[in-house]
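Numbering (the numbering used here), first residue to last: 1 to 229. Yeah, the Cβ is synthetic: ideal placement off N, Cα and C, and Gly gets one too. Here the structure is a predicted model, which is why all the values come from computation and not from measurement.
Laid out in structure tokens, this is it:
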């Protein structure tokens, strides 16, 4: 099984290396037309994909998760920019409503990015499933904070989900999509909970979907440490 995983990883890394090389070649031309940020995002995503492959290969080895203090607002801005071109092509508006106070949490930045990308991808697909949209199709990315909890909200006005789907949403291999694997959201739930967070979903057919990710804020953690001393 380990040899099979290593072989698959090798076959995935080869085309990624080729794509990365071509992006690096066209980067100077994008810089000339003031669009270099798209090349930089693509290169970052390739590096992230390679990181996921590395984690997959090392999944059987017990290890401590890397805990980083990360600005949530900066990460949400990166995600919005990442999906900007796809949103334009699909006639979807992605809006960011960020906390005035910058928010930091103790979590691996790439893992949080993986969670947000997975949820937004689902939101885009839910919006595509709306046959005759009455309103502008929107995805809202919201960050909030209070003394104890940092909150990230992803809200769409897509097709929504039935209660039956909600009940099974985070089960491994459960999917309502023809080509879905049913792995994405179950992995998201594990990532969030392993980082001390919680993920909640509200949805109804025709009423859109709201994902809420909540984490202990570093402000609360630091205050708790001071009190213990």
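query: What are the residues that DSSP puts in a beta bridge with residue 166?
result: None, per the DSSP bridge assignment.
- Return yes when the Cβ of residue 139 is within less than 9 Å of the Cβ of residue 120, no when it is not. yes
>> Helix, strand or coil, according to DSSP, for residue 79 in the structure here?
In response: helix
Could you tell me the boundaries of the beta strand (DSSP E) in which residue 151 lies? 149 to 156
Q. Are there 16 or more other CB atoms within 10 angstroms of the CB of residue 21, so buried, or fewer, so exposed?
A. exposed
**Asked** Three or more C-beta pairs closer than 8 Å, one from the region 80 to 96 and one from the region 139 to 149: is that the case here?
**Response** yes
Inset, instruction - To the nearest angstrom, report how far apart residue 190 and residue 26 are at their CA atoms. - result: 38 Å
Q | residue 116, enclosing alpha helix (DSSP H) - first and last residue | A | 109 to 128
Exercise for the section: For residue 15, name the three-state secondary structure that DSSP assigns. Expected result: helix
ask   = For the 8 Å Cβ check, are there 3 or more pairs between the region 123 to 131 and the region 153 to 162?
value = yes
Check: Secondary structure at residue 47, three-state DSSP: helix, strand or coil?
Finding: helix
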